[in-house]
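Going by the working numbering, the final residue of the sequence shown carries number 442, and the count climbs one at a time with no gaps.
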Amino acid sequence: MKGTVSNSQKSRRKFMQTSAAVAGGVMVSPLAIASNPHVNVDNTIKIALIGCGGRGSGAANEALNTGDDVRLVAMADAFQEKLDSSYKNLLKIHGEKVTVKEDHKFIGLDGYKDAIGLADVVFLATPPGFRPIHFEEAVKQNKHVFMEKPVATDVPGIRKIIENAKLAKEKNLKVVVGHHLRFQKSCIDIVHQLQDGIIGDIVNMQAYFNSSGVWVRDRKPGMTEMEYQVWNWYYFNWLCGDHIVEQHVHDLDLMNWIKGSHPIKAQGMGGRQVRTDNKYGQIFDHHFVEYQYPDGTMLNSQCRHQKGCWNNWSDGGHGTKGSFNCIPGRQLSHIYDSKGNVIWKYIGKDDTEPHQVEQTEFFRMLRQDEYINQAESGAASTMTAIMGRMATYSGQEITWDEAMNSTKNLMPKEFSWNAEPPVKPDDNGAYPIPTPGSYDIM
Ligand SMILES: NC(=O)c1ccc[n+]([C@@H]2O[C@H](COP(=O)([O-])OP(=O)(O)OC[C@H]3O[C@@H](n4cnc5c(N)ncnc54)[C@H](O)[C@@H]3O)[C@@H](O)[C@H]2O)c1
């Protein structure tokens, strides 16, 4: 109605002020807001994309889909070709919503700071090793954050995420972590059914992420060792965390969500039996972990990257009165009674793609000033995966408290193409591979 301000306009104004004006927890005056060059006085929500690969570009696309008021204003990537191809594709799809000036495209390992400064909301989608540093910077610069899972590759990184999750809360900064299953109806509804006790108490669970593996990127002539590792990041633990952390974390997050807690200990086994070439760096190709939750519930977790084997991405378990099964990739969930009869099901084959729902919800919350901060639960799920990796690498039983005390920092001391990476190949081009029985997790 003319002359009145709607609730959504009011809360939108509040978001604009929060994103721009929170400085050390102090709200600054509207005049100061207007004089800040990074404030969206034009009523747009400006996003910066840090890590312009497959998922970052996908998430930016989904964010731009959420409304005419979203603009992509800055991009940063380690490699020119990655940024260029992402920019070209996003420009083709979204036209004038992509307003990234040439001097707002940042190449290299330190461009993230400038890119973050130009936005209201930052998208962190580099390899996960960088996530804690990038999240810290985004919170320092008072930005709302969408960050992909996993949120770290080592325990010092997890501690940094937790510290900054708290700071983000104090500053009223909203944070979504890319656990898109938390925005997928087939998962949301089954979690609610299980938490409401449809099959009594959950007593054991099984999680599988068994596939034939992912891409490998070949070394290019002239690349420094640091450049090569960032390029072929999946196979280096400081960057990726191993596939139990990088991929299986989706299932571990779902299991933690169902239980409303995280495991207190883990033991397991794993190795590298098929994927042994030097181009596969140092990660394992299979992990099997037995986790225990505080109430005694056991979770058996499998993840495998081996071709020609049984592939399965699903999560299930048993309760005192029945069982459940959830197939996230097919948006399918079933609950059975103790005789095996289906007592509840969700078939979401026509549902909107959950990565889109994730951004649609995030941007609705930003516009309506509805608070969300998934950084701590994201940290707990990544930590669950790291604890599993500690168990398979060491061959020992590890408790949560022991794992959380680890000071093993996987990251390099310096970030530049000529700096020393934390792992180096030997004379035969082979990288150090963790050996159960002698691997030191601390
Ligand atoms: N939620 C999901 O369904 C889902 C799906 C795929 C990937 N992911 C996650 O998204 C993240 C990225 O995965 P991806 O598949 O897009 O990988 P990718 O290799 O396609 O993209 C990563 C990009 O980050 C860039 N990069 C590396 N280091 C950087 C740095 N320091 N600063 C700026 N840019 C840097 C790389 O050059 C690359 O372009 C990972 O954490 C992955 O686990 C999530």
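In this text, a Cβ means the ideal position worked out from N, Cα and C, and glycines have one as well. Just so you know, these numbers come straight off a predicted model, no measurement behind them.
Worksheet item: Does DSSP put histidine 305 in a helix, a strand or coil?
Response: Numbered from its first residue, the sequence shown carries residue 305 at position 305. Note: histidine 305 maps to strand in three-state DSSP.
Fill in: Euclidean distance between Cα positions of glutamate 136 and alanine 168
Here residue 136 corresponds to residue number 136 of the sequence shown, with the count starting at 1. Here residue 168 corresponds to residue number 168 of the sequence shown, with the count starting at 1. In this structure, the alpha-carbon of glutamate 136 lies about 9 angstroms from that of alanine 168.
Practice prompt. Quick one: grab the DSSP three-state call for arginine 217.
Written response: Counted from its first residue, the sequence shown places residue 217 at position 217. In the structure shown, arginine 217 adopts coil according to DSSP, grouped into three states.
Worksheet entry | Beta-carbon proximity of valine 151 to isoleucine 162, cut-off 7 angstroms | Taking the first residue of the sequence shown as position 1, residue 151 is located at position 151. Taking the first residue of the sequence shown as position 1, residue 162 is located at position 162. No, they are not a contact pair.
Item to complete: Could you pull out every residue in the same chain whose Cβ sits closer than 8 angstroms to the Cβ of isoleucine 107, ignoring the five residues on either side in sequence?
Response: Against the sequence shown, residue 107 aligns to sequence position 107. Once the five neighbours on either side are set aside, the close Cβ partners of isoleucine 107 are Ala76, Asp77, Ala78, Phe79, Gln80 and Leu83.
Item to complete: Helix, strand or coil for glycine 429, going by three-state DSSP, please let me know.
Response: For this step, residue 429 is matched to residue 429 along the sequence shown. Shown here, glycine 429 sits in coil according to DSSP, grouped into three states, outside any helix or strand.
Worksheet item: Looking at the structure shown, is isoleucine 93 part of a helix, part of a strand, or coil, going by DSSP?
Response: By one-based count along the sequence shown, residue 93 stands at place 93. DSSP places isoleucine 93 in helix when its eight states are reduced to three.
Item to complete: With a 10 Å radius around its C-beta and 16 neighbouring C-beta atoms as the bar for buried, classify proline 30 as buried or exposed.
Response: As a working note, residue 30 is residue 30 in the sequence shown. The predicted position of proline 30 is uncertain, since its pLDDT is 27 and thus under 50; no value can be drawn from it.
Worksheet item: Is threonine 435 helix, strand or coil when you go by DSSP?
Response: Indexing the sequence shown from 1 puts residue 435 at position 435. It is coil, neither helix nor strand.
Worksheet item: Which residues mark the beginning and the end of the beta strand (DSSP E) in which lysine 105 is found?
Response: The residue labelled residue 105 in the question sits at position 105 within the sequence shown. For lysine 105, the enclosing beta strand (DSSP E) has its first and last residue at 105-107.
Discussion item. If you measure between the beta carbons of threonine 320 and aspartate 201, is that distance less than 7 angstroms?
Written reply: Here residue 320 refers to the residue found at position 320 when the sequence shown is read from its first residue. Here residue 201 refers to the residue found at position 201 when the sequence shown is read from its first residue. It is a contact, given that the beta carbons lie within the stated cut-off.
Worksheet item: For threonine 126, is the beta carbon positioned less than 6 angstroms from some heavy atom of ligand 1?
Response: Looking up residue 126 in the sequence shown gives position 126. Because some heavy atom of ligand 1 lies under 6 angstroms away, the Cβ of threonine 126 counts as near it: yes.
Item to complete: Say whether the segment 402-414 touches the segment 374-391, bearing in mind that this needs 3 or more beta-carbon pairs closer than 8 angstroms, one atom from each stretch.
Response: Yes, the segment 402-414 is in contact with the segment 374-391.
Fill in: Cα-Cα separation, arginine 272 to phenylalanine 284
Walking along the sequence shown from the start, residue 272 turns up at place 272. Walking along the sequence shown from the start, residue 284 turns up at place 284. The straight-line gap from Cα to Cα measures roughly 5 angstroms.
Discussion item. Taking the beta carbon of arginine 445 as the centre, do at least 16 other beta carbons fall within 10 Å, making it buried, or is it exposed?
Written reply: Residue 445 is absent from the structure shown; the chain starts at 1 and stops at 442.
Worksheet entry | Any C-beta of chain B under 7 angstroms from that of lysine 92 | Protein chain content of the structure displayed is limited to a single chain, and chain B is not contained in it.
Fill in: Beta-carbon proximity check, tyrosine 73 vs lysine 105, cutoff 7 angstroms
Taking the sequence shown and counting its residues from 1, one reaches residue 73 at position 73. Taking the sequence shown and counting its residues from 1, one reaches residue 105 at position 105. Inspection of the sequence shows that residue 73 is occupied by valine rather than by tyrosine. With contacts defined as CB atoms closer than 7 angstroms, valine 73 and lysine 105 fail to qualify as a contacting pair.
Worksheet entry | tyrosine 371 in three-state terms, based on DSSP | Taking the first residue of the sequence shown as position 1, residue 371 is located at position 371. Coil at tyrosine 371, not helix or strand.
Worksheet item: CA-CA distance, cysteine 240 and tyrosine 280?
Response: Residue numbering aside, residue 240 sits at position 240 when the sequence shown is read from its first letter. Residue numbering aside, residue 280 sits at position 280 when the sequence shown is read from its first letter. Those two C-alpha atoms are separated by around 12 angstroms.
Worksheet item: Does the beta-carbon distance from arginine 219 to tyrosine 208 come in below 7 angstroms?
Response: Numbered from its first residue, the sequence shown carries residue 219 at position 219. Numbered from its first residue, the sequence shown carries residue 208 at position 208. No. Outside cutoff.
Worksheet item: Would you say the segment 367-385 touches the segment 421-429, given that touching needs at least three Cβ pairs under 8 angstroms?
Response: Contact between the segment 367-385 and the segment 421-429 is absent: fewer than three C-beta pairs spanning the two stretches fall below 8 angstroms.
Worksheet item: Taking 6 angstroms as the cut-off, is the CB of lysine 174 close to at least one heavy atom of ligand 1?
Response: Locating residue 174 in the sequence shown gives position 174, counting from the first residue. No, the beta carbon of lysine 174 sits no closer than 6 angstroms to any heavy atom of ligand 1.
Fill in: Cβ pair methionine 298, asparagine 204 closer than 7 angstroms
Here the question's residue 298 lines up with position 298 in the sequence shown. Here the question's residue 204 lines up with position 204 in the sequence shown. Yes, they are a contact pair.
Worksheet item: How big is the Cα-Cα spacing for glutamine 356 and aspartate 103?
Response: Residue mapping note: residue 356 aligns to position 356 of the sequence shown, counting from 1. Residue mapping note: residue 103 aligns to position 103 of the sequence shown, counting from 1. If I take the Cα positions, the gap works out to 29 angstroms.
Worksheet item: Can we count arginine 272 as close to ligand 1, meaning its CB is less than 6 angstroms from some heavy atom?
Response: Along the sequence shown, one-based indexing puts residue 272 at 272. No; taking the cut-off as 6 angstroms, the Cβ of arginine 272 has no heavy atom of ligand 1 nearer than that.
Discussion item. Just checking leucine 109 against ligand 1 - is the residue's beta carbon closer than 6 angstroms to any of the ligand's heavy atoms?
Written reply: Taking the first residue of the sequence shown as position 1, residue 109 is located at position 109. Indeed, a heavy atom of ligand 1 lies less than 6 angstroms from the Cβ.
Practice prompt. Assign cysteine 326 to buried or exposed, taking buried as 16 or more other Cβ atoms, counted over all protein chains shown, within 10 Å of its Cβ.
Written response: On the sequence shown, position 326 is the one that residue 326 refers to. So cysteine 326 ends up on the buried side.
Discussion item. For serine 416, tell me which candidate among Asp110, Ala63 and Lys101 has the shortest Cα-Cα distance.
Written reply: Along the sequence shown, one-based indexing puts residue 416 at 416. The option with the nearest alpha carbon to serine 416 is Asp110.
Worksheet item: Considering cysteine 187, what are the terminal residues of the alpha helix (DSSP H) in which it resides?
Response: Here residue 187 corresponds to residue number 187 of the sequence shown, with the count starting at 1. Counting along the chain, the alpha helix (DSSP H) containing cysteine 187 begins and ends at 185-195.
Discussion item. Which residue wins for smallest C-alpha separation from leucine 194, given the options Gly56, Leu118, Tyr336 and Asp68?
Written reply: Here residue 194 is taken as the residue at index 194 of the sequence shown, counted from 1. Nearest option by C-alpha distance: Tyr336.
Worksheet item: Cβ of aspartate 351 within 7 angstroms of Cβ of glutamine 331?
Response: As a working note, residue 351 is residue 351 in the sequence shown. As a working note, residue 331 is residue 331 in the sequence shown. Cβ distance < 7 angstroms, so aspartate 351 and glutamine 331 count as in contact.
Item to complete: Could you tell me the distance, in whole angstroms, from the CA atom of valine 289 to the CA atom of histidine 248?
Response: Walking along the sequence shown from the start, residue 289 turns up at place 289. Walking along the sequence shown from the start, residue 248 turns up at place 248. Straight through space, the alpha carbons of histidine 248 and valine 289 are spaced by roughly 11 angstroms.
Discussion item. Is it buried or exposed, valine 145, if we count other Cβ atoms within 10 angstroms and call 16 or more buried?
Written reply: Stepping through the sequence shown from its first residue, residue 145 is reached at position 145. Counting the other Cβ atoms within 10 Å of the Cβ of valine 145 gives 16 or more, which makes it buried.
Practice prompt. State buried or exposed for histidine 192, treating a residue as buried only when at least 16 other CB atoms are found within 10 Å of its CB.
Written response: If you number the sequence shown from 1, residue 192 lands on position 192. Under this definition histidine 192 is an exposed residue.
Worksheet item: What residues match up with serine 333 in a beta bridge as DSSP calls it?
Response: In the sequence shown, residue 333 corresponds to position 333, counting from 1. Serine 333 is bridged to Cys326 and Tyr346.
Fill in: Cβ-based burial, glycine 270 [other Cβ within 10 Å; buried from 16]
Locating residue 270 in the sequence shown gives position 270, where the first residue counts as 1. Glycine 270 is classed as buried because its beta carbon has at least 16 other beta carbons within 10 Å across all chains shown.
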